[in-house]
Structures are given as structure tokens and as C-alpha cells.
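To start, the structure itself, in C-alpha cells.
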Ligand SMILES: *Cc1c(COP(=O)(O)O)cnc(C)c1O
């Protein structure tokens with residue numbers, strides 16, 4: 003191939019001695035948005051709290067760290083490719099067959115497996131927007147067409163519009179409850195009503211990464227919905243409440259045919275032995291009890307902060323996650339910079355809003371304080 007017919011994405015290397023790259027990457031990658039990760043805390047000597055990635059402020063429970071560490075000692079061996087011990091434990095917990103538990107390197111990877119399993123190039127995937135920013139990347143990388151259905155004015159899934167967006171090209175619908183980044187959750191009735199309207203050949207994935215932070219009395223019984231609908235798949239992770247974001251492990255609860263497809267496409271030996279051991283340790287009764295206590299504490303902190311901000315005049319969507327969403331529109335970047343100067347690293351979403359993770363009490367108090375300063379400055383302006 004001569005110089006002039008080189009593909010558009012060709013970028014000359016900065017190093018003049020480096021070999022010229024003439025490979026072609028897939029055209030669908032051109033349109034992919036970049037994943038903007040939560041900013042790390044910069045080390046300039048000032049204390050800052052990184053509340054930009056919805057991580058747990060707690061270190062993993064010691065028994066979990068111990069289980070992972072023990073697994074490290076045999077790292078010369080491949081992990082159990084079938085992830086059998088963990089899948090059996092999860093199956094018992096969810097009262098399904100172990101074949102119905104599909105484990106991968108985080109539930110983000112499970113979503114990628116799901117898209118690889120059901121979406122051909124040109125097929126449509128319907129999801130709410132804003133929502134988890136991995137969705138457009140995963141769908142686009144597979145050559146699928148994203149059909150983004152805007153959230154309602156109250157920052158919730160617009161389920162009637164999502165149902166109306168389903169066409170004969172739709173293979174997959176993604177629901178996120180509680181929704182990242184807005185924190186809004188879907189009720190059992192709303193989900194049940196939506197599922198009745200979705201054609202039986204369209205897969206509906208319910209991403210429940212933040213399920214444990216939802217008010218327990220009102221959380222949707224998604225397991226019951228899963229049992230009623232053969233096209234529903236539930237997505238869970240160990241990254242949030244369990245505090246294993248750095249170890250990379252999550253799973254799907256799927257019906258048998260989809261479970262076989264997920265198992266067929268997942269990368270072999272993806273989940274490491276330490277990750278499998280740590281996740282298994284998270285299911286021990288005494289660890290589950292401690293995780294429940296942590297969920298209670300984080301929920302209480304969330305409600306305390308949301309209450310304090312409401313009393314100060316902030317009208318934020320009611321969050322059921324471990325984070326709050328500030329729909330500040332074009333002032334989002336300004337608010338994020340304002341908070342960062344005062345010690346809080348937040349996550350901004352373009353001209354939509356800003357997300358703050360509920361963390362240790364000191365960070366939460368600082369968030370309330372910064373929000374107060376912002377309003378005061380506003381009042382003076
Ligand atoms: C954090 C998160 C996940 C889980 O990510 P992992 O890959 O398991 O770390 C899934 N969905 C949403 C909406 C999330 O915010």
C-alpha cells in the first residue's frame with residue numbers, strides 16, 4: 003500500500019526511528035468514546051479524598067485478604083477455569099443451578115461477554131443515558147448500534163420510551179438500578195411492567211452493581227423477575243460493597259441457554275485465583291454480616307448527607323447508591339474544580355452533572371461543607 007492510501011487513523015510515530023505502523027484497526031473503534039476514569043488524588047502534600055469512582059472507603063475484610071493472599075502462593079498454577087467453588091456457592095445463595103452463574107473479570111467484563119454473545123454488528127442495544135459509561139464503549143467495540151434513551155427530567159429511566167425504542171434489530175436492553183451516576187432506582191412494579199412489554203427474544207440485563215446500597219424494604223425483587231422471565235439476566239459485582247474493585251470479579255445470573263453462550267465467549271482463565279478466593283470468602287456468614295453492617299453505615303451516611311444538602315436547599319435526585327448526583331448542567335466543571343481546590347476529587351459528566359461517592363465521614367462532612375460554600379458564593383454573586 004502506498005502512502006496516500008494509508009487508512010485515516012494512521013498517526014505518524016513521534017520517534018523518527020520507530021517503524022511505521024500500517025496495520026488497520028476496525029472502523030467502529032473510531033466512534034468509541036474514551037472511558038473517563040475517576041481522577042486519582044494528586045499528591046501535592048494536601049489531604050484530598052478521591053470520591054470519583056464509587057469505591058468502598060473500607061479496605062477489604064481481613065479474612066478476604068487472607069484468602070486472596072493464600073491463593074497467591076500457588077500462582078504458578080492456572081486458576082480453576084470453571085470457577086467451580088465460587089459458582090457453587092453463588093448458585094446456593096441465589097437458588098439457581100451452578101451452570102447459571104457466569105463469572106468474569108468484573109461485571110463490566112460480564113457485560114462485554116453478554117454483548118459478544120447476543121449482538122452482531124449492526125444490531126441494536128437499548129440503554130438509558132446518562133448511565134454507566136462503559137455501555138457505549140462495549141456496544142461500539144462489538145460493532146453494535148447504541149440506542150440511548152434519555153433519562154426523564156427527574157433523572158430516572160424513561161421505561162415507556164425504552165420499550166418504544168425496541169425494534170426488530172434490538173438484541174439487548176440494559177437497565178441500571180440504582181443508576182450510575184444519578185442514583186435513581188427502578189421499583190419492582192416498574193420493572194415488572196416493563197418486562198411484560200419486552201419481546202421474549204430480546205435479552206434484558208439488569209445491572210445491579212449498587213443493589214446492596216438500596217433501602218432493603220423497597221428494593222426490587224429481581225430474582226423473582228428473573229424466575230418469571232426467560233430473557234432476564236442479572237449482573238452483580240464484588241467491586242463496590244465488597245471492596246474488591248482492584249481484584250476484578252463479577253458475575254451474571256442467567257438462564258441456561260444464555261449462560262452457555264456467556265461461558266462460550268468469556269476469556270479463558272480470566273478471573274485470577276486470588277480474585278476467586280476473595281469472592282468466595284465474601285460469602286462466608288461472618289463476612290456477609292460485616293458487609294451488611296458496612297452497607298447500613300454507608301446508607302446512613304448517604305441519607306445524612308442527602309438530608310443535610312436538602313435542608314440547605316439542594317434538590318438532588320433521591321439516591322439509592324453509594325453516591326449522590328448534582329445535576330449542575332454547564333456549571334458541572336466549575337463545581338468540580340471548586341471542590342477539588344477544597345480537597346474533594348469528584349467525577350464530572352460533561353455538561354450534565356457531577357457525581358460524588360459517599361465515603362468516610364470526614365469526606366462526607368467536607369462534601370456538605372463545600373456544597374454550603376458553593377451556595378453561599380452563589381448567593382453573593
Ligand atoms: C462499578 C459498576 C459496575 C461493576 O464494575 P466492575 O467491572 O465489576 O468493577 C457495573 N455496572 C455499573 C453501573 C457500575 O457502576
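Residue numbers (the numbering used here): 3 to 383.
All C-beta atoms, glycine included, are put in the ideal place defined by N, C-alpha and C.
May I ask you to check if the CB of residue 104 is nearer than 7 Å to at least one heavy atom of ligand 1?
In the chain shown, residue 104 corresponds to position 102, counting from 1. False, no ligand heavy atom lies under 7 Å from that Cβ.
With DSSP collapsed to three states, give me the class of residue 131.
Within the chain shown, numbered from 1, the residue matching residue 131 stands at position 129. The answer is strand: DSSP assigns residue 131 an E or B state.
Is the stretch 349 to 362 close to the stretch 331 to 341, with three or more CB pairs under 8 Å?
yes
Length of the line joining the Cα atoms of residue 210 and residue 236:
What you label residue 210 is simply residue 208 of the chain shown in a count that begins at 1. What you label residue 236 is simply residue 234 of the chain shown in a count that begins at 1. Cα to Cα, the separation comes out at about 7 Å.
With burial defined as no fewer than 16 other Cβ atoms inside 10 Å of the residue's Cβ, what is the status of residue 152: buried or exposed?
Within the chain shown, the letter at position 150 stands for residue 152. Residue 152 comes out exposed.
Nearest-angstrom beta carbon gap, residue 296 and residue 60 [assumed within contact, 8 Å]
Taking the first residue of the chain shown as 1, we reach residue 60 at position 58. Taking the first residue of the chain shown as 1, we reach residue 296 at position 294. Correct: roughly 6 Å between the Cβ atoms.
Under the rule that 16 or more other beta-carbon atoms within 10 Å means buried, what is residue 322, buried or exposed?
On the chain shown, position 320 is the one that residue 322 refers to. Classification for residue 322: buried.
Does the count of Cβ pairs from the stretch 359 to 368 and the stretch 260 to 278 closer than 8 Å reach three?
no
Just confirm the distance between the C-beta atoms of residue 40 and residue 58, as a whole number of angstroms; I'd bet it's less than 8 Å.
Within the chain shown, residue 40 is the residue found at index 38, counting from 1. Within the chain shown, residue 58 is the residue found at index 56, counting from 1. The Cβ separation is near 13 Å, so there is no contact.
Let me know if residue 37 comes out buried or exposed under the rule of 16 or more other beta-carbons within 10 Å of its beta-carbon.
As a working note, residue 37 is residue 35 in the chain shown. So residue 37 counts as exposed.
Under 8 Å between the Cβ atoms of residue 219 and residue 176?
On the chain shown, position 217 is the one that residue 219 refers to. On the chain shown, position 174 is the one that residue 176 refers to. Result no, Cβ atoms of residue 219 and residue 176 do not sit closer than 8 Å.
Three or more C-beta pairs below 8 Å linking the stretch 102 to 121 and the stretch 143 to 159:
yes
Please report the straight-line C-alpha distance between residue 204 and residue 250, rounded to a whole angstrom.
Here residue 204 refers to the residue found at position 202 of the chain shown. Here residue 250 refers to the residue found at position 248 of the chain shown. If you take the alpha carbons of residue 204 and residue 250, they lie about 28 Å apart.
Can you tell me the Cα-Cα spacing of residue 303 and residue 105, whole angstroms?
The sequence position of residue 303 within the chain shown is 301, counting from 1. The sequence position of residue 105 within the chain shown is 103, counting from 1. Their Cα atoms are separated by approximately 31 Å.
Here's a check: name, in chain order, each residue in its chain whose Cβ is nearer than 6 Å to the Cβ of residue 232, leaving out the five neighbours to either side.
Numbered from its first residue, the chain shown carries residue 232 at position 230. The answer, listed in chain order, is 257.
CB of residue 274 within 8 Å of CB of residue 81, strictly
For the purposes of this step, residue 274 is identified with residue 272 of the chain shown, where counting begins at 1. For the purposes of this step, residue 81 is identified with residue 79 of the chain shown, where counting begins at 1. In this structure, residue 81 lies closer than 8 Å to residue 274 by Cβ.
Rounded to the nearest angstrom, what separates residue 107 and residue 382 at their Cα positions?
Stepping through the chain shown from its first residue, residue 107 is reached at position 105. Stepping through the chain shown from its first residue, residue 382 is reached at position 380. Taking the straight line from one Cα to the other gives about 49 Å.
Given a threshold of 16 other Cβ atoms within 10 Å of its Cβ, counted over all protein chains shown, does residue 22 qualify as buried or as exposed?
On the chain shown, position 20 is the one that residue 22 refers to. Under this definition residue 22 is an exposed residue.
Would you say residue 34 and residue 142 are within 8 Å of each other, going by their C-beta atoms?
Within the chain shown, numbered from 1, the residue matching residue 34 stands at position 32. Within the chain shown, numbered from 1, the residue matching residue 142 stands at position 140. It is a contact, given that the beta carbons lie within the stated cut-off.
Candidates 48, 217, 31, 18: which alpha carbon is nearest residue 346's?
Start at 1 with the first residue of the chain shown, and residue 346 comes out as number 344. Measuring from the Cα of residue 346, the nearest candidate turns out to be 48.
What is the DSSP secondary structure of residue 18, reduced to helix, strand or coil?
Translated into positions along the chain shown, residue 18 becomes position 16. Coil.
In this structure, does DSSP put residue 126 in helix, strand or coil?
Here residue 126 is taken as the residue at index 124 of the chain shown, counted from 1. It is a strand residue.
Classification of residue 130 by the beta-carbon crowding that lies within 10 angstroms, buried from 16 upward:
As a position in the chain shown, residue 130 is number 128, starting the count at 1. It counts as buried.
Measuring only from the beta carbon, is residue 36 closer than 7 Å to any heavy atom that is part of ligand 3?
Although ligand 3 was asked about, the structure shown includes only ligand 1 as ligands.
Kindly identify the DSSP beta-bridge partner or partners of residue 201.
Within the chain shown, residue 201 is the residue found at index 199, counting from 1. Paired residue(s): none; residue 201 is not in a bridge.
Cβ-heavy atom distance, residue 393 to ligand 1, below 7 Å:
The structure shown does not extend to residue 393, since the chain is modelled only from 3 through 383, so no value can be given for it.
Once DSSP output is grouped into helix, strand and coil, what is the label at residue 221?
Your numbering for residue 221 matches position 219 in the chain shown. Here residue 221 sits in coil by DSSP.
For a test of the three-state rule: what should DSSP assign to residue 253, helix, strand or coil?
Taking the chain shown and counting its residues from 1, one reaches residue 253 at position 251. It is a strand residue.
Leaving out the 5 sequence neighbours to the left and right, which residues in its chain are closer than 7 Å to residue 379 when beta-carbon positions are compared?
Walking along the chain shown from the start, residue 379 turns up at place 377. For residue 379, where only same-chain residues beyond five positions count, there are no Cβ hits under 7 Å.
What are the residues that DSSP puts in a beta bridge with residue 52?
Counting from 1 along the chain shown, the entry for residue 52 is found at position 50. BP columns for residue 52 point to 347.
Hey, how far is the Cα of residue 140 from the Cα of residue 112?
Counting from 1 along the chain shown, the entry for residue 140 is found at position 138. Counting from 1 along the chain shown, the entry for residue 112 is found at position 110. Cα to Cα, residue 140 sits roughly 10 Å from residue 112.
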